[in-house]
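Chemist: Before I ask anything, let me first share the structure, which is written out below as structure tokens.
Protein chains: 4
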Amino acid sequence: MKTVWKYKRDATFFPLSAWERVNLSKLCALARRLDARLAIPATSSNFSMRTRTDIDVDLGAFLITRSGLHKRLITPGHFLRVDVAGSPLHPLAPKPSDETLLHAMIYAKFPSAKAVVHCHAPELEKCRAPVFVLEGHELLKALGLRTHQESFPLAVFPNNQDMGALVKLIEPRLGEAALKVGFVLEKHGLYCIGADIDQAAMRLEALLHLLAAQGASWVAPKNKK
Amino acid sequence: MKTVWKYKRDATFFPLSAWERVNLSKLCALARRLDARLAIPATSSNFSMRTRTDIDVDLGAFLITRSGLHKRLITPGHFLRVDVAGSPLHPLAPKPSDETLLHAMIYAKFPSAKAVVHCHAPELEKCRAPVFVLEGHELLKALGLRTHQESFPLAVFPNNQDMGALVKLIEPRLGEAALKVGFVLEKHGLYCIGADIDQAAMRLEALLHLLAAQGASWVAPKNKK
Amino acid sequence: MKTVWKYKRDATFFPLSAWERVNLSKLCALARRLDARLAIPATSSNFSMRTRTDIDVDLGAFLITRSGLHKRLITPGHFLRVDVAGSPLHPLAPKPSDETLLHAMIYAKFPSAKAVVHCHAPELEKCRAPVFVLEGHELLKALGLRTHQESFPLAVFPNNQDMGALVKLIEPRLGEAALKVGFVLEKHGLYCIGADIDQAAMRLEALLHLLAAQGASWVAPKNKK
Amino acid sequence: MKTVWKYKRDATFFPLSAWERVNLSKLCALARRLDARLAIPATSSNFSMRTRTDIDVDLGAFLITRSGLHKRLITPGHFLRVDVAGSPLHPLAPKPSDETLLHAMIYAKFPSAKAVVHCHAPELEKCRAPVFVLEGHELLKALGLRTHQESFPLAVFPNNQDMGALVKLIEPRLGEAALKVGFVLEKHGLYCIGADIDQAAMRLEALLHLLAAQGASWVAPKNKK
Numbered sequence: 005m006k007t008v009w010k011y012k013r014d015a016t017f018f019p020l021s022a023w024e025r026v027n028l029s030k031l032c033a034l035a036r037r038l039d040a041r042l043a044i045p046a047t048s049s050n051f052s053m054r055t056r057t058d059i060d061v062d063l064g065a066f067l068i069t070r071s072g073l074h075k076r077l078i079t080p081g082h083f084l085r086v087d088v089a090g091s092p093l094h095p096l097a098p099k100p101s102d103e104t105l106l107h108a109m110i111y112a113k114f115p116s117a118k119a120v121v122h123c124h125a126p127e128l129e130k131c132r133a134p135v136f137v138l139e140g141h142e143l144l145k146a147l148g149l150r151t152h153q154e155s156f157p158l159a160v161f162p163n164n165q166d167m168g169a170l171v172k173l174i175e176p177r178l179g180e181a182a183l184k185v186g187f188v189l190e191k192h193g194l195y196c197i198g199a200d201i202d203q204a205a206m207r208l209e210a211l212l213h214l215l216a217a218q219g220a221s222w223v224a225p226k227n228k229k
Numbered sequence: 005m006k007t008v009w010k011y012k013r014d015a016t017f018f019p020l021s022a023w024e025r026v027n028l029s030k031l032c033a034l035a036r037r038l039d040a041r042l043a044i045p046a047t048s049s050n051f052s053m054r055t056r057t058d059i060d061v062d063l064g065a066f067l068i069t070r071s072g073l074h075k076r077l078i079t080p081g082h083f084l085r086v087d088v089a090g091s092p093l094h095p096l097a098p099k100p101s102d103e104t105l106l107h108a109m110i111y112a113k114f115p116s117a118k119a120v121v122h123c124h125a126p127e128l129e130k131c132r133a134p135v136f137v138l139e140g141h142e143l144l145k146a147l148g149l150r151t152h153q154e155s156f157p158l159a160v161f162p163n164n165q166d167m168g169a170l171v172k173l174i175e176p177r178l179g180e181a182a183l184k185v186g187f188v189l190e191k192h193g194l195y196c197i198g199a200d201i202d203q204a205a206m207r208l209e210a211l212l213h214l215l216a217a218q219g220a221s222w223v224a225p226k227n228k229k
Numbered sequence: 005m006k007t008v009w010k011y012k013r014d015a016t017f018f019p020l021s022a023w024e025r026v027n028l029s030k031l032c033a034l035a036r037r038l039d040a041r042l043a044i045p046a047t048s049s050n051f052s053m054r055t056r057t058d059i060d061v062d063l064g065a066f067l068i069t070r071s072g073l074h075k076r077l078i079t080p081g082h083f084l085r086v087d088v089a090g091s092p093l094h095p096l097a098p099k100p101s102d103e104t105l106l107h108a109m110i111y112a113k114f115p116s117a118k119a120v121v122h123c124h125a126p127e128l129e130k131c132r133a134p135v136f137v138l139e140g141h142e143l144l145k146a147l148g149l150r151t152h153q154e155s156f157p158l159a160v161f162p163n164n165q166d167m168g169a170l171v172k173l174i175e176p177r178l179g180e181a182a183l184k185v186g187f188v189l190e191k192h193g194l195y196c197i198g199a200d201i202d203q204a205a206m207r208l209e210a211l212l213h214l215l216a217a218q219g220a221s222w223v224a225p226k227n228k229k
Numbered sequence: 005m006k007t008v009w010k011y012k013r014d015a016t017f018f019p020l021s022a023w024e025r026v027n028l029s030k031l032c033a034l035a036r037r038l039d040a041r042l043a044i045p046a047t048s049s050n051f052s053m054r055t056r057t058d059i060d061v062d063l064g065a066f067l068i069t070r071s072g073l074h075k076r077l078i079t080p081g082h083f084l085r086v087d088v089a090g091s092p093l094h095p096l097a098p099k100p101s102d103e104t105l106l107h108a109m110i111y112a113k114f115p116s117a118k119a120v121v122h123c124h125a126p127e128l129e130k131c132r133a134p135v136f137v138l139e140g141h142e143l144l145k146a147l148g149l150r151t152h153q154e155s156f157p158l159a160v161f162p163n164n165q166d167m168g169a170l171v172k173l174i175e176p177r178l179g180e181a182a183l184k185v186g187f188v189l190e191k192h193g194l195y196c197i198g199a200d201i202d203q204a205a206m207r208l209e210a211l212l213h214l215l216a217a218q219g220a221s222w223v224a225p226k227n228k229k
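Protein chains in written order, with our numbering: chain A, 5 to 229; chain B, 5 to 229; chain C, 5 to 229; chain D, 5 to 229.
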């Protein structure tokens with residue numbers, strides 16, 4: 005947090021507001037915590053948050069990590085301001101993350117989504133399309149369930165290099181309650197959505213814990229259609 | 005420890021004594037160590053300690069973490085002073101942890117209990133009601149057994165969202181020797197009790213180690229009634 | 005990074021250029037990150053980078069860690085400048101790492117190789133000669149594949165204490181595309197090659213992640229000839 | 005290291021020499037590294053080193069950790085100076101570790117032993133008496149073998165609360181080459197011996213790595229008599 009003030013501009017050369025600097029620093033700290041548990045290997049994973057200046061809101065703009073950098077190393081100055089379609093707001097900006105279109109899809113569909121975090125944690129490797137049902141565990145309450153006796157159908161989509169195809173596959177299902185929390189791309193990674201960065205981070209941590217718990221010691225529930 | 009002096013008041017607006025600040029800092033440090041081993045995911049887990057001013061003793065008061073915050077981030081200023089029934093001593097205080105009633109039950113039943121720590125470590129996932137018998141390991145001595153040849157019946161209770169029902173289930177069994185060390189809520193977490201924070205933390209660490217040891221490499225003992 | 009300037013000379017008594025100090029510090033930081041995941045036990049593992057002064061280029065020189073020190077503790081002053089055959093450029097220098105010949109082989113064969121990193125991570129234990137096929141995972145793209153649907157044949161060579169024999173075994177196969185990324189010595193360790201330190205480190209991290217993913221939860225692919 | 009100078013005396017009130025302070029600090033740093041991998045749970049584990057003043061040599065004295073403290077917290081001031089039989093050199097000293105007799109046995113039998121480290125790492129849980137044969141791995145060289153093709157018979161003794169009985173069991177076998185490196189107490193922990201602290205630490209790290217490697221992915225070798 006202490007270095008947050010030295011970043012005056014984002015990677016698209018726009019000035020960063022105090023609110024943006026504080027919140028981008030939270031995303032950077034999250035990246036470093038995830039790195040410590042080996043969840044953002046190589047240059048994978050990406051993080052974004054919606055901005056809230058008037059002009060940004062009109063554009064549907066959000067800030068997202070640049071491509072090609074280990075996310076352990078990101079600072080507020082490594083985020084690009086992109087429009088609703090995921091295009092950087094400055095022509096000389098570096099390349100945004102490959103999965104920017106997925107973030108754009110989420111922000112366009114969910115007005116309440118303010119942060120999206122994506123990681124490649126080892127706990128995810130057991131997830132197979134179309135769904136991994138989490139059940140019976142106290143921590144389900146962190147995902148918004150009322151009791152540990154309800155179950156949470158974590159959606160798992162087959163991986164695809166064509167972001168447009170992925171968007172077409174996922175978008176129709178965004179109405180489902182569980183999709184508002186997050187979803188998995190098979191043998192790729194996890195997306196979590198939050199009304200702020202803390203909620204997105206909390207959901208990610210809860211999902212990884214539930215996946216580890218269910219894999220390590222329970223009889224894995226059968227995948228249901 | 006070095007930041008302990010800046011917290012003048014708890015979350016119920018009472019002044020913190022020097023003794024309270026030092027001991028709450030120990031609980032905060034414990035929370036951060038548990039976070040490093042992924043044992044306090046999302047906003048789960050809670051920590052409490054009995055206070056010792058005259059007025060607090062009359063009230064059966066203790067200090068317990070507030071709800072809704074990642075426990076990695078707690079400071080002495082995030083603890084609430086609650087009475088023997090778990091109600092905050094100030095009407096404007098934030099909400100205490102959901103499981104405050106369990107802490108209250110323990111302090112009411114055990115005059116010698118001075119600290120209660122509760123976590124959600126992955127090592128606990130293998131515990132099934134009614135009991136997980138730990139045996140044959142040197143570290144059993146850290147739980148108060150005289151030799152590694154005695155066994156420790158770790159009580160496991162079915163999880164329940166109704167704290168009153170849980171109290172009714174657990175309270176009659178608090179006379180058993182093993183319950184004075186701690187107990188598990190199935191697919192939820194571990195409670196450990198100590199005559200001070202160090203003892204509660206030591207018991208928690210020993211139980212997690214024994215569970216990991218017995219699960220990773222031993223033939224798991226059959227659960228006995 | 006902040007201590008990088010205090011190292012004026014390498015372990016062969018040559019002055020270190022600013023560029024060398026900065027890049028050796030990156031190797032030292034990598035060693036400490038690998039130590040945190042238990043990947044450089046005891047005095048194992050070694051790290052090297054090609055230098056770029058005119059005289060060094062004529063000699064085919066590179067900088068490599070000295071032998072007999074836990075790599076968690078290395079500094080820029082612990083690297084030896086060695087010639088194309090792996091001999092230190094100063095007769096009073098300490099002993100270079102045992103596997104210096106393998107590094108020399110790689111630099112001689114690949115003009116574009118600028119860094120070689122070698123570790124003993126636990127994730128490697130499942131690799132058996134002659135090959136471990138990695139497939140189906142998004143992170144394969146970090147190894148230079150275009151999609152997750154291509155497969156990466158990670159070469160695995162039987163271990164041998166005779167470095168000359170190992171060089172004879174490995175050298176003829178260095179033309180294969182996958183060998184340009186790295187290879188494994190069975191029950192020994194992993195070598196990764198990069199156009200700079202960041203790329204070598206990224207490839208190492210990606211390979212370890214892919215090995216962990218495939219072992220922990222997938223049906224391990226059959227080794228193919 | 006930076007706090008090493010503030011400890012003027014050991015726990016038996018003897019002044020600490022500069023050499024002792026530096027070396028005890030190494031043992032403290034080792035304890036903290038082992039804590040990070042969960043290898044010194046609760047108040048378990050102990051560490052010792054031989055001293056080298058004339059009077060200490062005459063007494064067969066060594067410095068060993070006190071009992072009843074989490075070894076994560078030890079400082080040079082927490083070590084006791086004990087004689088050849090393991091008795092503290094001051095009557096008001098705190099209690100030394102329970103296993104002091106085992107350390108004394110090692111120092112008495114091996115004049116070249118200068119440090120003994122004992123931990124309870126999870127990797128040890130698979131060891132069963134009488135022996136766990138480590139074989140086929142490059143890291144065996146860190147234990148003094150010439151090639152990865154030799155095997156290392158790690159001695160495993162049944163645990164016993166009676167230190168005298170343990171000494172009687174182990175002492176006759178201390179002539180075996182492998183015992184000079186270390187041995188295991190079943191369902192208890194590992195002892196490693198070194199000509200200095202670095203060697204003892206290196207052997208401990210190598211043994212834990214070899215045990216993890218062999219357990220995680222190899223067909224465990226059959227225990228041989």
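C-beta: ideal position from N, C-alpha, C; glycine also. Being a predicted model, the structure only gives us computed values, none of them experimental.
Going by C-alpha to C-alpha distance, which of B/D62, B/H213, B/G179, B/A65 sits closest to D/L128?
Modeler: The count along the fourth sequence starts at 1 and reaches residue 128 of chain D at position 124. Per the Cα distances, B/H213.
Chemist: For D/I59, does the count of other Cβ atoms within 10 angstroms reach 16, so buried, or fall short, so exposed?
Modeler: Start at 1 with the first residue of the fourth sequence, and residue 59 of chain D comes out as number 55. Answer is exposed; the Cβ neighbour count stays below 16.
Chemist: Can you give me the C-alpha to C-alpha distance between C/P80 and B/A22, rounded to a whole angstrom?
Modeler: Looking up residue 80 of chain C in the third sequence gives position 76. Looking up residue 22 of chain B in the second sequence gives position 18. Taking the straight line from one Cα to the other gives about 46 angstroms.
Chemist: The segment 183-202 of chain D: which residues have C-beta closer than 7 angstroms to a C-beta of chain C, in chain order?
Modeler: none
Chemist: Can you tell me the Cα-Cα spacing of A/N227 and A/C131, whole angstroms?
Modeler: As a first step, residue 227 of chain A must be located in the first sequence, where it is residue number 223. As a first step, residue 131 of chain A must be located in the first sequence, where it is residue number 127. Residue placement at A/N227 is poorly supported in this model, since its pLDDT is 39, which falls under 50; the coordinates still yield a value, given next. Their backbone Cα atoms lie some 9 angstroms apart in a straight line.
Chemist: Going by the CB atoms, is the gap between B/L158 and B/L143 shorter than 8 angstroms?
Modeler: As a first step, residue 143 of chain B is located in the second sequence; it is residue number 139 there, counting from the start. As a first step, residue 158 of chain B is located in the second sequence; it is residue number 154 there, counting from the start. No.
Chemist: For the segment 55-91 of chain A, list the beta strand (DSSP E) runs that are entirely contained and at least 3 residues long, ordered along the chain.
Modeler: 66-69, 83-86, all fully within the segment 55-91 of chain A.
Chemist: Of the choices D/L38, D/L211, D/F66, whose alpha-carbon is the least far from that of D/V120?
Modeler: The residue you call residue 120 of chain D lines up with position 116 of the fourth sequence. When each option's Cα is compared against that of D/V120, the closest is D/F66.
Chemist: Is the separation between the beta-carbon of A/A125 and that of A/A43 shorter than 8 angstroms?
Modeler: Numbered from its first residue, the first sequence carries residue 125 of chain A at position 121. Numbered from its first residue, the first sequence carries residue 43 of chain A at position 39. Contact flag set, yes.
Chemist: Measuring alpha carbon to alpha carbon, tell me which residue in A/L106, A/Y111, A/D62, A/K75 is nearest A/V171.
Modeler: Along the first sequence, read from residue 1 onward, the residue named residue 171 of chain A stands at position 167. Answer by Cα proximity: A/L106.
Chemist: First and last residue of the alpha helix (DSSP H) that includes D/V26?
Modeler: Locating residue 26 of chain D in the fourth sequence gives position 22, counting from the first residue. Residues 22-40.
Chemist: Between which residues of its own chain and C/R207 is the CB-CB distance below 8 angstroms, once the five residues before and five after are set aside?
Modeler: Against the third sequence, residue 207 of chain C aligns to sequence position 203. Its chain contains A146, L147, V185, G186, C196, I197, G198 as the residues whose beta carbon lies nearer than 8 angstroms to that of C/R207, once the 5 sequence neighbours on both sides are disregarded; these appear in chain order.
Chemist: Determine, for C/P126, whether the minimum Cβ-Cβ distance to residues of chain D falls below 8 angstroms.
Modeler: For the purposes of this step, residue 126 of chain C is taken as residue 122 along the third sequence, with counting starting at 1. Output row for C/P126: interface = yes.
Chemist: So, under 8 angstroms CB-CB, D/P95 and D/R70 are touching, yes? Tell me the CB distance rounded to an integer number of Å.
Modeler: Against the fourth sequence, residue 95 of chain D aligns to sequence position 91. Against the fourth sequence, residue 70 of chain D aligns to sequence position 66. Going by Cβ atoms, the distance from D/P95 to D/R70 rounds to 15 angstroms, so no, they are not a contact pair.
Chemist: Should C/A159 be flagged as near chain A, meaning a C-beta pair shorter than 8 angstroms?
Modeler: Translated into positions along the third sequence, residue 159 of chain C becomes position 155. No - not a single Cβ of chain A is within 8 angstroms of the one on C/A159.
Chemist: Taking Cβ-Cβ distances below 9 angstroms as the criterion, which residues of the segment 39-73 of chain A are in contact with chain B?
Modeler: A40, R41
Chemist: Which of the three DSSP states, helix, strand or coil, is assigned to C/A217?
Modeler: Numbered from its first residue, the third sequence carries residue 217 of chain C at position 213. Here C/A217 sits in helix by DSSP.
Chemist: I'd like the list of long-range same chain contacts for D/Y11, defined as Cβ closer than 7 angstroms, with 5 residues on each side in sequence excluded.
Modeler: Counting from one through the fourth sequence, the residue named residue 11 of chain D turns up at place 7. So the list reads L20, R25, T79, P80, G81, once near-sequence residues are dropped.
Chemist: Say whether chain B places a C-beta atom closer than 8 angstroms to the C-beta of A/L143.
Modeler: Here residue 143 of chain A refers to the residue found at position 139 when the first sequence is read from its first residue. The Cβ of A/L143 sits closer than 8 angstroms to at least one Cβ of chain B.
Chemist: Between the C-alpha atoms of B/F51 and B/L84, what's the straight-line distance to the nearest angstrom?
Modeler: Working through the second sequence from its first residue, we reach residue 51 of chain B at position 47. Working through the second sequence from its first residue, we reach residue 84 of chain B at position 80. One C-alpha to the other measures close to 11 angstroms.
Chemist: Let me confirm a value: D/F17 is counted as buried when at least 16 other C-beta atoms fall within 10 Å, else exposed. Which label applies?
Modeler: Stepping through the fourth sequence from its first residue, residue 17 of chain D is reached at position 13. So D/F17 ends up on the exposed side.
Chemist: Have a look at D/M109, D/D62, D/L38, D/V61 and flag the residue whose alpha-carbon is nearest the alpha-carbon of D/A169.
Modeler: Numbered from 1 along the fourth sequence, position 165 holds the residue referred to as residue 169 of chain D. For D/A169, the nearest C-alpha among the options comes from D/M109.
Chemist: Is the beta carbon of D/C123 sitting closer than 8 angstroms to the one on D/S49?
Modeler: Here the question's residue 123 of chain D lines up with position 119 in the fourth sequence. Here the question's residue 49 of chain D lines up with position 45 in the fourth sequence. A contact, by the Cβ cut-off of 8 angstroms.
Chemist: Between A/G81 and chain B, is any beta-carbon pair separated by less than 8 angstroms?
Modeler: Your numbering for residue 81 of chain A matches position 77 in the first sequence. False, the Cβ-Cβ gap to chain B never drops below 8 angstroms.
Chemist: Would you identify the three-state DSSP class for C/H107, choosing helix, strand or coil?
Modeler: Residue numbering aside, residue 107 of chain C sits at position 103 when the third sequence is read from its first letter. Residue state, collapsed to three classes: helix.
Chemist: Taking only the alpha-carbon atoms, compute the straight-line gap between C/A210 and B/H74 and give it to the nearest angstrom.
Modeler: Numbered from its first residue, the third sequence carries residue 210 of chain C at position 206. Numbered from its first residue, the second sequence carries residue 74 of chain B at position 70. Approximately 30 angstroms, taken between the alpha carbons.
Chemist: State the start and end residues of the unbroken alpha helix (DSSP H) segment that holds C/A169.
Modeler: For the purposes of this step, residue 169 of chain C is identified with residue 165 of the third sequence, where counting begins at 1. 167-174 is the extent of the alpha helix (DSSP H) around C/A169.
Chemist: Is there a Cβ from chain A that is less than 8 angstroms from the Cβ of C/G231?
Modeler: Here chain C covers residues 5 to 229 and nothing more, so residue 231 of chain C does not appear.
Chemist: In angstroms with no decimal places, state the Cα-to-Cα distance between A/V160 and D/E103.
Modeler: Here residue 160 of chain A refers to the residue found at position 156 of the first sequence. Here residue 103 of chain D refers to the residue found at position 99 of the fourth sequence. Near 53 angstroms, if we compare the C-alpha coordinates of D/E103 and A/V160.
Chemist: From D/Q165 to D/A205, what does the alpha carbon distance come to, in whole angstroms?
Modeler: Residue 165 of chain D sits at position 161 when you count from the first residue of the fourth sequence. Residue 205 of chain D sits at position 201 when you count from the first residue of the fourth sequence. Cα to Cα, the separation comes out at about 25 angstroms.
Chemist: With DSSP collapsed to three states, give me the class of C/I197.
Modeler: One-based indexing of the third sequence puts residue 197 of chain C at position 193. Note: C/I197 maps to strand in three-state DSSP.
Chemist: Anything in chain A within Cβ reach of C/H213, meaning under 9 angstroms, just list it in chain order.
Modeler: Position 209 of the third sequence, counted from the first residue, corresponds to residue 213 of chain C. Under the 9 angstroms cutoff, chain A gives L42, P45, A46, S48, H124, P126.
Chemist: Among A/R56, A/V61, A/S101, A/T55, which one has its Cα closest to the Cα of A/G72?
Modeler: Looking up residue 72 of chain A in the first sequence gives position 68. The closest CA to that of A/G72, considering only A/R56, A/V61, A/S101, A/T55, is found on A/S101.
Chemist: Exposed or buried, which one is D/W9 when buried takes at least 16 other CB atoms within 10 Å?
Modeler: Along the fourth sequence, one-based indexing puts residue 9 of chain D at 5. D/W9 should be labelled exposed.
Chemist: Give me the Cβ distance between B/D39 and B/G64, rounded to the nearest whole Å; I'm assuming they're in contact under 8 angstroms.
Modeler: Numbered from its first residue, the second sequence carries residue 39 of chain B at position 35. Numbered from its first residue, the second sequence carries residue 64 of chain B at position 60. B/D39 to B/G64, Cβ: 30 angstroms. No contact.
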